[in-house]
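Heads up: the protein sequence lines correspond to chains D and Z, in order.
Remember, this note's numbering sits 1014 above the position in the first sequence when you count from 1.
Remember, this note's numbering sits 52 above the position in the second sequence when you count from 1.
Working notes for the structure below.
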Amino acid sequence: MVLSQLRPALVLFLLLSALTGLAYPLGMTALANLLLPEKATGSLINAKGRVIGSSLIGQDFTAPRYFRGRPSATMGPDPRDASKTIAMPYNAAASLASNAGPTSKALLDQVTARTAQLRAENPDAMAQGWRIPVELVTSSASGLDPDISPDAALFQIARVAKARGLSPDRVRHLVQSQTEAPILGFLGEPHVNVLALNQALDRLGQ
Amino acid sequence: MSLSGWITIAVFFLCVVALTRPLGGFLKRVLEGERHLPGRMLGPLERGIYRLAGVEPTREQSWSQYALAVILFKVFCFIAVYALLRLQGVLPFNPGGLGAVAPDLAYNTAISFLTNTNWQSYSGETTLSPLSQMLALTVQNFVSAAAGIAIAAAIMRGFVRRSATTIGNFWADLVRVTLYVLLPACVLLTLFFVLEGVPQTLWSSVSAFTLEGRHQTIALGPVASQEAIKMLGTNGGGFFNTNSAHPFENPNALTNFVQMLCIFALGAGLTNMFGRMIGQEKQGWAIFSAMAALFLIGAGVLYWSEAHANPLFASLGLDGTLGNMEGKETRFGVAASALFATVTTDASCGAVNAMHESFLPLGGMVPLINMMLGEVIFGGVGSGLYGFLLFALIAVFMAGLMVGRTPEYLGKKIEAREIKMTMLAVLCLPLVMLGFTALAVVIPAGTSALSATGPHGFTEALYAYTSAAANNGSAFAGLTANSFWNVTLGIGMMIGRFFVIIPALAIAGSMAAKKVAAPTPGTFPTDNGLFIALVAGVIVIVGGLTFLPALALGPIVEHLAMLHGTTY
Chain D
1015 MVLSQLRPAL VLFLLLSALT GLAYPLGMTA LANLLLPEKA TGSLINAKGR VIGSSLIGQD
1075 FTAPRYFRGR PSATMGPDPR DASKTIAMPY NAAASLASNA GPTSKALLDQ VTARTAQLRA
1135 ENPDAMAQGW RIPVELVTSS ASGLDPDISP DAALFQIARV AKARGLSPDR VRHLVQSQTE
1195 APILGFLGEP HVNVLALNQA LDRLGQ
Chain Z
53 MSLSGWITIA VFFLCVVALT RPLGGFLKRV LEGERHLPGR MLGPLERGIY RLAGVEPTRE
113 QSWSQYALAV ILFKVFCFIA VYALLRLQGV LPFNPGGLGA VAPDLAYNTA ISFLTNTNWQ
173 SYSGETTLSP LSQMLALTVQ NFVSAAAGIA IAAAIMRGFV RRSATTIGNF WADLVRVTLY
233 VLLPACVLLT LFFVLEGVPQ TLWSSVSAFT LEGRHQTIAL GPVASQEAIK MLGTNGGGFF
293 NTNSAHPFEN PNALTNFVQM LCIFALGAGL TNMFGRMIGQ EKQGWAIFSA MAALFLIGAG
353 VLYWSEAHAN PLFASLGLDG TLGNMEGKET RFGVAASALF ATVTTDASCG AVNAMHESFL
413 PLGGMVPLIN MMLGEVIFGG VGSGLYGFLL FALIAVFMAG LMVGRTPEYL GKKIEAREIK
473 MTMLAVLCLP LVMLGFTALA VVIPAGTSAL SATGPHGFTE ALYAYTSAAA NNGSAFAGLT
533 ANSFWNVTLG IGMMIGRFFV IIPALAIAGS MAAKKVAAPT PGTFPTDNGL FIALVAGVIV
593 IVGGLTFLPA LALGPIVEHL AMLHGTTY
């Protein structure tokens, strides 16, 4: 009984492997690159002849003249000792979340430190009575979250406008024009793509 | 909580309801060898495959032959995946030059993918070459899902047939599901995902120079084709480490919605296929209703929990309107993250779009309970339905005891052999989940892998073994699996799969041989609200009594500690 089933088991395994493990992914790769070449290769953004990122993947922004994205828990190899890893925000070669539990002391310390830093960096917004939106001090699931909420962008307007010598209204208008509403009015949350917003800011300056 | 969040849950549920009947009809036509559209196009391919493999599709197998065929096929799957991962360094399609996968990890991954669990002790982008992703893992995503549906079909035949000795041909079922259900659907889904921005390329990465002048290496690959089967086959193994939270796996709220629908689609369709095979679709809808009730309760509780910001942050004066955003993505928000977490653990998918470990304690308890109940709420493709039927047997057995009649289901007497087999399957899961957890939290090899201390660390261990035995694959992902974990989780996954499949096929074999008695006024009807409530109650009580002590030590204690302001 076992022997008579060996042939179908082996032959079907090989045939189905060829079909689903080679023909299907390779065929879909060929078709996708033929029909939708830009999206199939990662929605890359080219500027001045080189790739500056992907429109779907967040980047690490630290300068006051740029809108910040969310904290990222991704790690990368230590440049001084490749056997160790150190914090490397928005490392798109190795996505990672904090996986901190809700009662983690380390999480509470981190959130407290991020809150203090954002307060110090955005004195005008604090003076206007803003409360810091929670997603700006909590890390995203992928470590590559490209978006922030509209409130998290509006909170940063005063700082960005001052760093760039622009009027806050002009920056606010830009944020509003970059805000994406939920799909069909209910799917997902309203959000702003931080890289697209910052690119638009740079274009505004030119 | 927002109106749009509740609308998302409601619209999602209505879409599942709408898909159930057409998919049920289609699945029945495919598995009963009737005429259907893909069959007209791919029929010659199916017949060619049978000829090469020496399969006679009309020659049916007894339950034991069917089970043997499943096991033989799985043996080949194990050998192939293990070999491909161990030899990765010398095989082609490896642009990143990645080396061989370590033995314990290769063993764990092979078991994980052949049991439809897709527990991942590795990060996809830094461990596996495109060849391994395609030829080792994508293949298993297809065939483990197809085998699950095939087994469900065989078990349905056992319940439906009268005085029969056979329950179908595994090889024909496997080929038909792969060729006519999974492949055509995945081709369409892949194109949709690419259209929405999911990459599909053989490049493994691209280098970018960011706006602030830093280098960013962006991992890429044939993501969309794996994403399609990952969701439709309730596999759940991500191309990237952070799974469906990664913007390349799940770029927007629409792809997120479609991914959730894919998880439930076939499991819901199978309830209707069962009804059609009996000749009373109402029986299928009764099963659907019990599942739906448990799903809606879970989704509501999880959404409620996550809509709150972490109370420990209260003194920081934050704007917590968005809820508990640690480990969540902005484009989904808490509603779509909570719904996804419910769906992925009701079914045995295990894909995640938010990190379950960072949910608030009661929120994280919902996925845990869903898995402890055996993933019978629509469930994994195939496994959900036959897992549910085991609970249905317990429910009619209990109803029979209460009124002092021999229990019957669909006109067939349920006797000692069926109940023994049912109990074997139902008791194996808690034994693995609780037994291994107890071991892991007392020995250093177990505790050294945990990222958290206190009750959360206990929950991390409990979640891992629950996920493995239930063949889910999601994790409290702070756990860094070492060889102790890889080996024990592998054992848990195997027991969780085969100690349900084999007893369930044995029940199908003995049910097929039975005669059907005409219903009498004393027959307990299994298509009305009483039955729905009874079977849902059995599922919750069996799970509740077994696991309540463990839940009290983990998430419940952590919830109380959080309200008290304690951190660990």
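Glycine included, each C-beta is placed from N, C-alpha and C at the ideal position.
- At a cut-off of 8 Å between beta carbons, Asp225 of chain Z makes no contact with chain D.
- Counting only the Cα atoms, Gln1192 of chain D lies some 48 Å from Ser535 of chain Z.
- Buried is the label assigned to Ser400 of chain Z, since at least 16 other Cβ atoms lie within 10 Å of its Cβ.
- Look at Pro299 of chain Z: its C-beta is under 8 Å from a C-beta on chain D.
- Counting other Cβ atoms within 10 Å of its Cβ, Ala1195 of chain D stays below 16 and is therefore classed as exposed.
- For Thr1099 of chain D, the secondary structure class from DSSP, reduced to helix, strand or coil, is strand.
- Within the stretch 1123-1137 of chain D, the residues whose Cβ lies closer than 7 Å to some Cβ of chain Z are Val1125, Thr1126 and Thr1129, listed in chain order.
- Going by DSSP, Pro601 of chain Z is part of the alpha helix (DSSP H) stretching over Gly581 to Leu603.
- Annotation for Ala1101 of chain D: Met1089 place their beta carbon closer than 7 Å to its own, counting only its chain and skipping 5 residues before and after.
- Cβ neighbours of Leu425 of chain Z within its own chain (closer than 6 Å, five residues either side excluded): Ile591 and Gly595.
- Comparing C-alpha distances from Phe599 of chain Z to each of Z:Pro482, Z:Ile608, Z:Thr619 and Z:Val587 shows the shortest one belongs to Z:Pro482.
- Counting only runs of 3+ residues, the beta strand (DSSP E) found wholly inside the stretch 1037-1073 of chain D occupies 1058-1061 and 1064-1068, in chain order.
- Annotation: Ile123 of chain Z to Leu143 of chain Z spans about 28 Å, alpha carbon to alpha carbon.
- Within the stretch 1160-1212 of chain D, the complete beta strand (DSSP E) segments of 3 residues or longer fall at 1205-1207, listed in chain order.
- In the same chain as Ala1106 of chain D, and ignoring 5 residues on each side of it, the C-beta atoms closer than 7 Å to its own belong to Ile1071 and Leu1158, in chain order.
- Not a single C-beta of chain D is nearer than 8 Å to the C-beta of Asn524 of chain Z.
- The residues Arg1082, Arg1084, Pro1085, Arg1128, Leu1132, Ile1162, Ala1166 and Phe1169, in chain order, have a CB closer than 8 Å to that of Leu1150 of chain D in the same chain once the five nearest residues on each side in sequence are set aside.
- Within the DSSP bridge table, the entry for Met1089 of chain D names D:Ala1101 as partners.
- Between Phe449 of chain Z and the set Z:Glu467, Z:Phe145 and Z:Leu437, the nearest pair of CA atoms involves Z:Glu467.
- Among the residues facing chain D, Gly336 of chain Z is not included, as its CB has no counterpart in that chain under 8 Å away.
- Between Gly289 of chain Z and Leu136 of chain Z, the C-beta spacing is not below 8 Å.
- Under the three-state reduction of DSSP, Ala490 of chain Z is assigned to helix.
- For the pair Phe300 of chain Z and Gly402 of chain Z, the Cα-to-Cα distance works out to about 18 Å.
- Each residue's CA atom was taken as its position, placing Leu445 of chain Z and Ile471 of chain Z some 7 Å apart.
- Restricting attention to alpha helix (DSSP H) runs no shorter than 4 residues, the stretch 203-275 of chain Z encloses them at 222-228 and 235-247, ordered along the chain.
- Among the CB atoms of chain D, one or more fall inside 8 Å of the CB of Phe365 of chain Z.
- Distances from the alpha-carbon of Ala451 of chain Z to those of Z:Phe130, Z:Leu582 and Z:Ala199 put Z:Leu582 closest.
- Between Met485 of chain Z and Thr518 of chain Z, the C-beta spacing is below 8 Å.
- Sixteen is the threshold: since fewer than 16 other Cβ atoms of the shown chains lie within 10 Å of the Cβ of Ile495 of chain Z, the residue is exposed.
- The continuous alpha helix (DSSP H) containing His508 of chain Z extends over residues Gly506 to Ala521.
- Pro303 of chain Z and Phe292 of chain Z have their C-alpha atoms some 13 Å from each other.
- In terms of Cα proximity to Thr382 of chain Z, the closest of Z:Leu348, Z:Glu264 and Z:Ala305 is Z:Ala305.
- Using a Cβ-Cβ cut-off of 9 Å, Ile1197 of chain D is close to Asn304, Ala305, Leu306 and Phe309 of chain Z, given in chain order.
- Beta-bridge partners assigned by DSSP to Lys1119 of chain D: none are found.
- The Cβ atoms of Lys1176 of chain D and Asp1123 of chain D do not sit closer than 8 Å to each other.
- The stretch 92-104 of chain Z makes contact with the stretch 226-246 of chain Z; the number of CB pairs closer than 8 Å reaches 3 or more.
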